[in-house]
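K.L.:
So that we are looking at the same thing, I have put the structure below in structure tokens.
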Amino acid sequence: MKKILFVASECVPFIKTGGLADVVGALPKSLDKEKYDVRVILPDYTCIPAKYRDQFRYASHFEMQLGGLGKVYVGIMTYEMDGVTYYFIDNEHYFRGDTPYGDVHWDIEKFCFFSKAALSILPTIEFHPDVIHCHDWQTGVLPVFLHTVFKDNPFYHNIRTIMTIHNLKFQGIWDINTLRLYTGFPNEVFTPDRMEYKRDANMLKAGLVYADRITTVSGTYAEEIKIPYYGEGLDGLMRAKSRDLSGILNGIDYDIYNPETDKKIYSNYSIKNFRKGKAANKAKLQEELGLPADPNVMIMAMITRLTDQKGLDLVAYVLDRLLDSAIQFVVLGTGDARYEDMLRTYEWKRKDKVSANIYFNDERAHRIYAAADSMLMPSQFEPCGLTQLISLRYGTVPIVRETGGLKDTVQPYNRFEQTGTGFSFANYNADEMLNTIFYAEKVFYDEHDAWNALVKRGMEKDYSWNSSARQYEALYESIT
Ligand code: ADP
142 MKKILFVASE CVPFIKTGGL ADVVGALPKS LDKEKYDVRV ILPDYTCIPA KYRDQFRYAS
202 HFEMQLGGLG KVYVGIMTYE MDGVTYYFID NEHYFRGDTP YGDVHWDIEK FCFFSKAALS
262 ILPTIEFHPD VIHCHDWQTG VLPVFLHTVF KDNPFYHNIR TIMTIHNLKF QGIWDINTLR
322 LYTGFPNEVF TPDRMEYKRD ANMLKAGLVY ADRITTVSGT YAEEIKIPYY GEGLDGLMRA
382 KSRDLSGILN GIDYDIYNPE TDKKIYSNYS IKNFRKGKAA NKAKLQEELG LPADPNVMIM
442 AMITRLTDQK GLDLVAYVLD RLLDSAIQFV VLGTGDARYE DMLRTYEWKR KDKVSANIYF
502 NDERAHRIYA AADSMLMPSQ FEPCGLTQLI SLRYGTVPIV RETGGLKDTV QPYNRFEQTG
562 TGFSFANYNA DEMLNTIFYA EKVFYDEHDA WNALVKRGME KDYSWNSSAR QYEALYESIT
């Protein structure tokens with residue numbers, strides 16, 4: 142039985158700000174239980190809902206030296222769910238607050254603490270992993286700790302590490318002296334071929350250099366990050382590491398995202414009766430959002446962080462023209478204030494066409510997936526993207542830019558061969574996006590059969606964790 146340890150800053154159902162949480166929530170459950178003993182280490186954020194947190198059991202605690210900061214408290218809480226054991230690192234000083242992240246500087250100290258604490262608790266919980274699977278910059282320093290501070294401790298020998306990039310944009314960069322203070326890493330770590338980056342220290346880069354393998358969440362993104370446009374300053378490192386770098390597509394949790402059983406939606410449906418089912422959901426959503434009750438209008442949705450990455454600048458550029466077409470535009474998201482304000486203003490101006498839901502609400506997200514006809518994702522870059530996968534499962538046709546995981550999972554509609562599962566455009570250009578939306582509208586309004594066939598092909602696709610979990614298992618095998 143191989144032992145696999147996940148260390149991450151987010152995990153469904155405990156805490157989520159983005160797709161990372163979905164992956165860390167679903168992948169451990171999907172690994173073959175006969176072959177792998179899987180455990181997950183997370184921060185014990187005080188903002189984890191009480192219904193879970195009240196059930197966490199105290200396991201142990203100790204004091205840990207954190208670089209030059211002195212001794213800090215490390216508590217260990219445990220919880221079991223769906224055959225997976227979770228450990229929550231308790232330290233209220235670091236993990237209190239309404240959100241998991243906030244001030245960048247504070248986050249950097251917080252995740253230096255978390256990464257070291259995750260390694261430090263292993264002897265106490267008597268778990269010696271064969272593989273530690275790290276996720277994003279928050280756990281970037283973990284492989285470095287393993288190979289420096291812990292290297293002479295025999296308990297930590299023969300542990301392999303994998304670093305998975307969910308988003309290369311966030312790297313955890315701060316000055317070298319501060320990072321040296323927080324980590325206690327020796328000087329040799331802070332060189333340009335290791336953790337140093339443009340005279341600062343870069344936590345994600347450190348992880349990428351020290352990990353045995355690097356994965357990212359789609360094949361296309363794994364290629365894209367080797368070029369400067371997508372490489373976020375690390376494209377050179379990605380090229381140098383290309384033999385250790387691979388892309389494994391994310392899946393979605395088919396138990397949570399299942400229109401046949403989803404309790405959060407108004408009316409359940411399947412591939413056999415999606416027309417009726419989606420119509421029922423649409424009527425209810427229009428009522429709930431205060432949009433005109435119109436069974437025939439196309440609802441195009443966006444469920445997303447409202448940032449430039451997600452193409453909100455393109456939307457801003459053409460929104461007036463878009464709203465002059467026959468469409469109801471439903472947005473659910475939070476993010477940059479200028480986009481939040483813009484959407485609220487448009488809702489006020491065009492009440493009959495726009496519903497701006499500027500908050501995070503999982504239930505409403507499910508209802509929108511079930512009710513909408515199409516889902517817009519004009520991303521500048523998209524490592525994998527889960528929104529389009531959920532959309533496909535709910536019979537909501539994705540309209541996407543051909544980048545990263547969007548390119549790998551949405552096949553463009555071909556009217557001559559009657560193939561494809563969505564609509565896509567190549568260049569990051571607002572007019573190209575708008576033309577693609579207009580084309581989708583045309584098919585929606587004028588070619589009902591073609592549209593329904595498109596929906597059906599999307600619903601038939603399998604983006605569950607099954608195939609991706611087998612690929613991760615193969616990767617674990619190859620390094621142990
Ligand atoms: P990213 O991880 O870059 O934010 P993904 O498409 O990979 O984007 O994942 C986004 C996930 O978060 C999806 O499950 C989506 O439904 C969900 N989501 C995004 N914004 C909201 C929101 N405001 N309310 C509820 N769910 C949201």
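Under the working numbering, the sequence shown has 242 at position 101, and the numbering climbs by one with no breaks. C-beta: ideal position from N, C-alpha, C; glycine also.
Going by the beta-carbon positions, is the gap between residue 217 and residue 189 smaller than 7 Å?
P.N.:
Here residue 217 is taken as the residue at index 76 of the sequence shown, counted from 1. Here residue 189 is taken as the residue at index 48 of the sequence shown, counted from 1. No.
K.L.:
Can you tell me where the alpha helix (DSSP H) holding residue 546 begins and where it ends?
P.N.:
In the sequence shown, residue 546 corresponds to position 405, counting from 1. Here the alpha helix (DSSP H) through residue 546 covers 545-550.
K.L.:
Using a threshold of 7 Å, state whether the C-beta atoms of residue 352 and residue 304 are closer than that.
P.N.:
Residue numbering aside, residue 352 sits at position 211 when the sequence shown is read from its first letter. Residue numbering aside, residue 304 sits at position 163 when the sequence shown is read from its first letter. Result yes, Cβ atoms of residue 352 and residue 304 sit closer than 7 Å.
K.L.:
Is it right to say residue 579 is buried, meaning 16 or more other beta carbons lie within 10 angstroms of its own, or is it exposed?
P.N.:
Indexing the sequence shown from 1 puts residue 579 at position 438. Residue 579 should be labelled exposed.
K.L.:
Would the beta-carbon of residue 345 fall within 7 Å of that of residue 208?
P.N.:
Indexing the sequence shown from 1 puts residue 345 at position 204. Indexing the sequence shown from 1 puts residue 208 at position 67. For residue 345 and residue 208, no; Cβs fall outside 7 Å.
K.L.:
How about residue 373 and residue 309: are their beta carbons less than 7 Å apart?
P.N.:
Your numbering for residue 373 matches position 232 in the sequence shown. Your numbering for residue 309 matches position 168 in the sequence shown. Yes, the pair counts as a contact, with Cβ atoms nearer than the cut-off.
K.L.:
Counting Cβ pairs closer than 8 Å, one from the region 441-461 and one from the region 396-416, do we hit at least three?
P.N.:
No: the two stretches stay apart, fewer than three of their Cβ pairs being nearer than 8 Å.
K.L.:
Excluding the five sequence neighbours on either side, which residues of its own chain have a C-beta within less than 8 Å of the C-beta of residue 559, listed in chain order?
P.N.:
Here residue 559 refers to the residue found at position 418 of the sequence shown. Excluding sequence neighbours, residue 559 sits near 591 and 594.
K.L.:
Helix or strand or just coil, what does DSSP make of residue 242?
P.N.:
Translated into positions along the sequence shown, residue 242 becomes position 101. Residue 242: coil per DSSP, three-state reduction.
K.L.:
For residue 473, report the span of its alpha helix (DSSP H) as first-last.
P.N.:
By 1-based counting over the sequence shown, the position of residue 473 is 332. Taken as a continuous stretch (DSSP letters only), residue 473 belongs to no alpha helix (DSSP H), being part of the beta strand (DSSP E) at 468-473.
K.L.:
Under the rule that 16 or more other beta-carbon atoms within 10 Å means buried, what is residue 261, buried or exposed?
P.N.:
Indexing the sequence shown from 1 puts residue 261 at position 120. The residue in question, residue 261, is buried, as its Cβ has 16 or more Cβ neighbours within 10 Å.
K.L.:
How far does the beta strand (DSSP E) with residue 440 in it reach, from first residue to last?
P.N.:
Stepping through the sequence shown from its first residue, residue 440 is reached at position 299. Residue 440 -> beta strand (DSSP E) spans 439-444.
K.L.:
According to DSSP, is residue 519 part of a helix, a strand, or is it coil?
P.N.:
If you number the sequence shown from 1, residue 519 lands on position 378. Three-state DSSP puts residue 519 in coil, outside helix and strand.
K.L.:
Give me the Cβ distance between residue 180 and residue 268, rounded to the nearest whole Å; I'm assuming they're in contact under 8 Å.
P.N.:
The sequence position of residue 180 within the sequence shown is 39, counting from 1. The sequence position of residue 268 within the sequence shown is 127, counting from 1. The Cβ separation is near 6 Å, so the contact holds.
K.L.:
Quick one: is the Cβ of residue 446 within less than 6 Å of any heavy atom of the ligand ADP?
P.N.:
In the sequence shown, the residue the question calls residue 446 occupies position 305. Yes.
K.L.:
Between the alpha carbons of residue 448 and residue 357, how many angstroms are there, rounded?
P.N.:
Here residue 448 refers to the residue found at position 307 of the sequence shown. Here residue 357 refers to the residue found at position 216 of the sequence shown. Residue 448 and residue 357: Cα-Cα distance of roughly 21 Å.
K.L.:
With a cut-off of 8 Å on the beta carbons, I'd call residue 524 and residue 389 a contact; round off their distance for me.
P.N.:
Taking the first residue of the sequence shown as position 1, residue 524 is located at position 383. Taking the first residue of the sequence shown as position 1, residue 389 is located at position 248. Actually they do not touch by this definition, with Cβ atoms about 11 Å apart.
K.L.:
Using the Cα positions of residue 376 and residue 367, report the straight-line distance between them to the nearest angstrom.
P.N.:
Numbered from its first residue, the sequence shown carries residue 376 at position 235. Numbered from its first residue, the sequence shown carries residue 367 at position 226. The straight-line gap from Cα to Cα measures roughly 4 Å.
K.L.:
Provide the residue(s) that pair with residue 542 in DSSP beta bridges, ordered along the chain.
P.N.:
In the sequence shown, counting from the first residue as 1, residue 542 sits at position 401. Paired residues: 566.
K.L.:
Any chance the CB of residue 506 is under 6 Å from a heavy atom of the ligand ADP?
P.N.:
Position 365 of the sequence shown, counting from 1, holds the residue named residue 506. Answer for residue 506: yes, Cβ within range of the ligand ADP.
K.L.:
What does the alpha-carbon distance come out to for the pair residue 539 and residue 225?
P.N.:
Taking the first residue of the sequence shown as 1, we reach residue 539 at position 398. Taking the first residue of the sequence shown as 1, we reach residue 225 at position 84. Near 33 Å, if we compare the C-alpha coordinates of residue 225 and residue 539.
K.L.:
For residue 371, does the count of other Cβ atoms within 10 angstroms reach 16, so buried, or fall short, so exposed?
P.N.:
Taking the sequence shown and counting its residues from 1, the one referred to as residue 371 is at position 230. The residue is buried, with at least 16 neighbouring Cβ atoms inside 10 Å.
K.L.:
Return yes when the Cβ of residue 433 is within less than 7 Å of the Cβ of residue 385, no when it is not.
P.N.:
In the sequence shown, residue 385 corresponds to position 244, counting from 1. In the sequence shown, residue 433 corresponds to position 292, counting from 1. No, the pair does not count as a contact, with Cβ atoms beyond the cut-off.
K.L.:
What's the gap between the Cα of residue 227 and the Cα of residue 182?
P.N.:
The residue given as residue 227 occupies position 86 in the sequence shown. The residue given as residue 182 occupies position 41 in the sequence shown. Cα to Cα, the separation comes out at about 6 Å.
K.L.:
Under three-state DSSP, which class holds residue 604?
P.N.:
As a first step, residue 604 is located in the sequence shown; it is residue number 463 there, counting from the start. Residue 604 falls in the coil class under three-state DSSP.
K.L.:
Can you pull the DSSP bridge partners for residue 205?
P.N.:
Here the question's residue 205 lines up with position 64 in the sequence shown. According to DSSP, which records beta bridges pairwise, residue 205 is partnered with 213.
K.L.:
With burial defined as no fewer than 16 other Cβ atoms inside 10 Å of the residue's Cβ, what is the status of residue 232: buried or exposed?
P.N.:
As a working note, residue 232 is residue 91 in the sequence shown. Buried, because 16 or more other Cβ atoms sit within 10 Å of the Cβ of residue 232.
K.L.:
Would you kindly work out how many angstroms separate the C-alpha atoms of residue 497 and residue 513, rounded to a whole number?
P.N.:
Locating residue 497 in the sequence shown gives position 356, where the first residue counts as 1. Locating residue 513 in the sequence shown gives position 372, where the first residue counts as 1. Each residue's alpha carbon lies about 14 Å from the other.
K.L.:
Drop a sphere of 10 angstroms on the beta-carbon of residue 608, count the other beta-carbons inside from all chains shown, and report buried for 16 or more, exposed for fewer.
P.N.:
The residue you call residue 608 lines up with position 467 of the sequence shown. Under this definition residue 608 is an exposed residue.
K.L.:
Counting only the same chain and skipping the five closest in sequence on each side, list residues whose C-beta sits under 7 Å from that of residue 621.
P.N.:
Taking the sequence shown and counting its residues from 1, one reaches residue 621 at position 480. Answer for residue 621: 143, 271, 272 and 301, listed in chain order.
K.L.:
Less than 6 Å separating the Cβ of residue 528 from some heavy atom of the ligand ADP?
P.N.:
As a position in the sequence shown, residue 528 is number 387, starting the count at 1. At least one heavy atom of the ligand ADP is nearer than 6 Å to the Cβ of residue 528, so yes.
K.L.:
Would you grab the beta carbon distance between residue 500 and residue 475 for me? Rounded to a whole angstrom, and I think it's under 8 Å.
P.N.:
Here residue 500 refers to the residue found at position 359 of the sequence shown. Here residue 475 refers to the residue found at position 334 of the sequence shown. Yes, they are in contact, since the Cβ atoms of residue 500 and residue 475 sit about 6 Å apart, within 8 Å.
K.L.:
Specify, as a first and last residue, the run of the alpha helix (DSSP H) that residue 498 falls within.
P.N.:
Position 357 of the sequence shown, counted from the start, is the residue given in the question as residue 498. Segment 495-498 is the beta strand (DSSP E) holding residue 498; no alpha helix (DSSP H) there.
K.L.:
What do you get for residue 330, buried or exposed, if any count of 16 or more other CB atoms within 10 angstroms of its CB means buried?
P.N.:
In the sequence shown, the residue the question calls residue 330 occupies position 189. Buried.
K.L.:
Consider the C-beta atom of residue 502 and the heavy atoms of the ligand ADP; say whether any pair is separated by less than 6 Å.
P.N.:
For the purposes of this step, residue 502 is taken as residue 361 along the sequence shown, with counting starting at 1. Residue 502 Cβ: within cutoff of the ligand ADP.
K.L.:
Per DSSP, which one or two residues make a beta bridge with residue 367?
P.N.:
The residue you call residue 367 lines up with position 226 of the sequence shown. DSSP lists no partner for residue 367.
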